[in-house]
Structure formats: C-alpha cells, structure tokens
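Protein chains: 2
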Amino acid sequence: MPGTLTAKGAATRQRIVEGAAAEIRDRGVLATTLDDVRARTATSKSQLFHYFPGGKEDLLLAVAELEAARVISVQQPHLGDLTSWPAWEAWRERVLDHYREQGRRCPLNVVTSQLGRSTPGAQAVVTELIAIWQGEIATGIRHMQASGEIATDVDPNRSAAALVAGIQGGVLIMLSTGGLGHLEAALGAGIDALRRSRRSR
Amino acid sequence: MPGTLTAKGAATRQRIVEGAAAEIRDRGVLATTLDDVRARTATSKSQLFHYFPGGKEDLLLAVAELEAARVISVQQPHLGDLTSWPAWEAWRERVLDHYREQGRRCPLNVVTSQLGRSTPGAQAVVTELIAIWQGEIATGIRHMQASGEIATDVDPNRSAAALVAGIQGGVLIMLSTGGLGHLEAALGAGIDALRRSRRSR
DNA sequence: CATAAAATGGACCCGCAAGTCCAGATCTTG
DNA sequence: CAAGATCTGGACTTGCGGGTCCATTTTATG
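As they're listed, the protein sequences go chains A and B.
Taking the working numbering, the leading residue of the first sequence gets 1, the next gets one more, and so forth.
Taking the working numbering, the leading residue of the second sequence gets 202, the next gets one more, and so forth.
Okay, structure coming up:
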C-alpha cells in the first residue's frame, strides 16, 4: 500500500474502481473475477493489489461506496428539495425513470448482497446510505408539515422509513421479476398516504 | 438421474435439501460448499450428483423452493384469514416475530440474490412467491371491503403490491443494518393506510 | 541529476471446491 | 430368488481464480 498517492496513481486507482463497477454492472459480482477487471482496465495483477491490499474484498468495498453515492446523486436535485407536491412528483418520476432504464441491474443491491452481512465495512456503507436517504425524505416531510401540506401527527422519520423500505423492496422485486409494478405501487402508496394525511383527521 | 425414486431415495434427497438449507441458513450461500452439505447430511459426493444432476445450481434451486414455501407457511394461518382488524394485527405480529427471531438470516433473499437473475428457474420461484403473497393480501383487502372496513376505491392489488414491497424492503434493510425499524414502519404504514381509507373520503 | 518512493508488468504458486467415475451394496418386482 | 434397477462410498481429476513475488520503469523532490 502506497503511503501517498501520485496523481498518476490516483487516476489508476479510480480507473480500477470504475472499471470494476462497470464489469459488475454488466456481468454480476459472482461472475466478475479480478482478471476481468484487470483486462477491462488495462492494468496488471500487481496494480490491483498495490491499490487494494485487502484484495477483492477491498475492491468490492470501494465499488460499493461508489455505487452508494450514485444511488443518491441520481435522485438529485429532487431528493434534496421535496418542498411541494410537484417536487415530490418530480422525484417520484426520477426514481421510476432511473430504475426503468437501468433495468435488471441494481449494482448496489448486488454488491451488498454478496458481502452484505459478512464485512462490517460494507454494512456501514449500506447503513449510511439508508440513513441519508431516509433523512432527506424526512426533511422533505417536515418541510411540508411546516407549510401545512402534511398533517402534523405524521411521524416524519417513520413515514420516511416506510417509504425507503417500499422503494428497496420494489427494486428488489424488479430485480427478480423484471416488473416495475411493485416499485410504482410502493412509491404511489407512500406518497398518497402523506398527501391524504391532512384530510383524514 | 433416477427415473423413479425409491422410498429410501426420496428420503435421502429430502435429507440433502434440508441439510443444505440449514447449512446455508447457518453460514451463508457463499461459504457453503458441497462438501459441507455432504458432511452435514452424511452422504457421499455421488449421491449429491445422483439426486441433483445439475450440481450445485440444481441443489440451490431446490433449497430456494423449500425456503419459499417456508416464507408463506410461517405466516399461516393468519395470512389466509385477513378478515378483521385483529386478524391483520395478528398477522403483522407474526411477521415481525418471525424476522425478529430469525435475525440476520433471510435464507430466501440470500439464496435468490446469489442466483437470482442468472437462472430462469430461481426467477420463477421468486415470481411465484411474490404472486402468492400479494394474492393472499389482496384477498384479505377485498374481504374487508365487502364488510365495509376498507373503502371501495382502494385497489386491492395495488395496495397489496405496495405492502409486499414494503415488507421485502424492510427485511432487506434488516439484513444489512440489523434493525427491525424499517420493517415495522413499512408494515405499520401499509396497514394504517388501509385502516384510514374509510375516514379519508 | 541523483535517489528514494511509487507504479507497473507479468510469471508463478497454491488451495479449494465442483464435478467425474466406477466398483460394490441394496432394493424392487416378476 | 434372480435380474435389473437404484443407491452409495470415496478416490481422483481439473480448472479457476485469488494472492505472491520480484524485476523494471516512472515519478517526485532536494
């Protein structure tokens, strides 16, 4: 492991992580070998272990971090600005569009399900991702409560948790069945519940 | 592959599947080798390939079918009898209890995420499981609509889909974080939405 | 420009686990 | 009880893929 990274070194490291992520997206974690990554990124075996001393596990962890960041960033700027019903709709559409075009490949779920429970590092990545996601949604709910669009007896964290769970499940089901129906239903039901909260008191 | 199974043969086959399922529950798919299964079930290599000519994949598929059946049966008889609010509550408790005690191990999600998208067989198992689960819930909703406990403008299939997605996501998150909060929130929010439907019109 | 650290290439090792094979035991059924 | 199927034991092969090693080249820095 290098003490300090050269500019060239940092570039190579990044190339490896991105190449590995792409390979995994294309062919799955199970089917991706270090040799595949090596071939795709035009690097040598020693480079892989130079930048990821822990071997494959290290590399997978770096990929998981990259993909976790992607999951959030692809929802922006909508996710950070849930301040009106049209904004919620825009976010909803964005999420659906993303998974529609991404089709069968949810890189993060794939990666984490591979090393999910095993390594504490990967677990931390997932936990943080969920926390951020849920936090953004909860902030949106509080904002809507402040402007009187959502009833104040709604628990922002709990509702956000339910919504995140629904999205996760919807994506998971899509990965197996190929259908977007469940994701669409979960998003719709979750947002509808918020929207109707005012009227139901 | 045997043309017909002897009584003894059937027993052995079953012993293998159940042993493999237990091993996977204990140590994960990744860490489970055919030798582990062989040791645990007191069988020989040739027996494994005698009953599962397709090798590991065949065996995993059989395990997936077993676990899928378990997922449903553990929710019975409640899942098949969602005809009153107390019944819904009982079902909810059962699901939570099950995953609470099962802790970090969701055998089905583990198995399917391993070969999920790859093999059409495993995909069929998951698709069918989801369909049955969702169908049972939808039936319960229709029953409650008939007795006036749920508003008639609720789409049973869509609501059931959202609920199943929430449960799946909640379980998935529990697998990574260890917390039951999301599952609990998803179940609570989903049922609450149904319960409030009458009042919100 | 000298020197030490970092980066690179690629040959090599090694263990593991899936899968093969066949001899022999056991069962079924006419 | 005989014959053909089914079942079982376990040694063996094989390939793959993660990980090691070291020689060589490139880069930073005084």
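Glycine included, each C-beta is placed from N, C-alpha and C at the ideal position.
Within the region 346 to 364 of chain B, those residues whose Cβ lies closer than 7 Å to any Cβ of chain A are, in chain order, Arg359, Ser360, Ala362 and Ala363.
For serine 176 of chain A, the nearest CB of chain B lies under 8 Å from its own CB, placing it at the interface with that chain. The region 225 to 257 of chain B contains, as complete alpha helix (DSSP H) runs of 4+ residues, the segments 235 to 242 and 246 to 252 (chain order).
At a cut-off of 8 Å between beta carbons, threonine 6 of chain A makes no contact with chain B. In this structure, alanine 361 of chain B and isoleucine 342 of chain B form a Cβ contact; the two beta carbons are roughly 6 Å apart against a cut-off of 8 Å. Only residues of its own chain outside the window of five on either side were considered, and among them His182 have a CB closer than 6 Å to the CB of isoleucine 173 of chain A, listed in chain order. Within chain B, the residues Ser377 and Thr378 have their CB atoms less than 7 Å from the CB of threonine 127 of chain A, given in chain order.
Per the coordinates, the alpha-carbon of threonine 41 of chain A lies some 13 Å from the alpha-carbon of isoleucine 24 of chain A. For glycine 170 of chain A, the closest C-alpha among the options A:Ser44, A:Thr127, A:Arg196 and A:Arg100 is that of A:Arg100.
Using a Cβ-Cβ distance cut-off of 8 Å, the region 68 to 88 of chain A and the region 35 to 53 of chain A are not in contact, since fewer than three pairs of beta carbons, one from each stretch, lie closer than that value. Nearest CB-CB separation between glutamine 123 of chain A and chain B: below the 8 Å threshold. When Cβ-Cβ separations below 8 Å define contact, leucine 180 of chain A makes no contact with chain B.
Taking leucine 30 of chain A as reference, the option from B:Thr320, B:Val264, B:Trp334 and B:Arg305 with the minimal CA-CA separation is B:Thr320. Using a CB distance cut-off of 8 Å, glycine 19 of chain A does not count as an interface residue toward chain B.
Non-local C-beta neighbours of aspartate 282 of chain B in its own chain, meaning closer than 6 Å and more than five positions away in sequence, comprise Ala288, ordered along the chain.
Taking a Cβ-Cβ cut-off of 8 Å, isoleucine 191 of chain A has no neighbours in chain B, whose nearest Cβ is about 11 Å from it. Within chain A, Gly169, Leu172 and Ile173 have C-beta atoms less than 7 Å from the C-beta of glutamine 369 of chain B, given in sequence order. At least 8 Å separates the beta-carbon of isoleucine 368 of chain B from that of leucine 395 of chain B.
The residue among A:Asp58, A:Leu66 and A:Glu93 with its C-alpha nearest the C-alpha of glutamine 75 of chain A is A:Glu93. Pairing glycine 349 of chain B with threonine 328 of chain B, the inter-Cα distance amounts to about 31 Å. Burial state of glycine 3 of chain A is exposed, judged by a 10 Å Cβ sphere holding fewer than 16 other Cβ atoms. Following the DSSP letters along the chain, one finds aspartate 298 of chain B inside the alpha helix (DSSP H) bounded by residues 286 to 303. Counting only residues of its own chain and dropping the five nearest sequence neighbours on each side, glycine 322 of chain B has a CB closer than 6 Å to the CB of Leu262. In summary, the residues of the region 79 to 110 of chain A whose CB is separated from some CB of chain B by less than 7 Å are Arg104, in the order they occur in the chain. Nearest neighbour of glutamine 145 of chain A by Cα position, chosen from A:Ala162, A:Trp133 and A:Ser197, turns out to be A:Ser197. At a C-beta separation below 8 Å, isoleucine 331 of chain B has these neighbours in chain A: Ile173, Ser176, Thr177 and His182. The three-state reading of DSSP puts alanine 325 of chain B in helix, counting H, G and I together. Taking C-beta atoms under 8 Å as the contact rule, alanine 222 of chain B and proline 308 of chain B qualify, at a distance of about 7 Å.
Just so you know, the alpha carbons of histidine 344 of chain B and arginine 359 of chain B end up roughly 15 Å apart. In the three-state reduction of the DSSP assignment, glycine 204 of chain B falls in the coil class, being assigned neither a helical nor a strand state. Judged by DSSP secondary structure, arginine 196 of chain A falls within the alpha helix (DSSP H) whose first and last residues are 181 to 196. Cβ-Cβ separation between proline 357 of chain B and alanine 339 of chain B: approximately 4 Å, consistent with a contact (criterion under 8 Å). Per DSSP, isoleucine 351 of chain B is not a residue of any alpha helix (DSSP H), being assigned neither H nor E.
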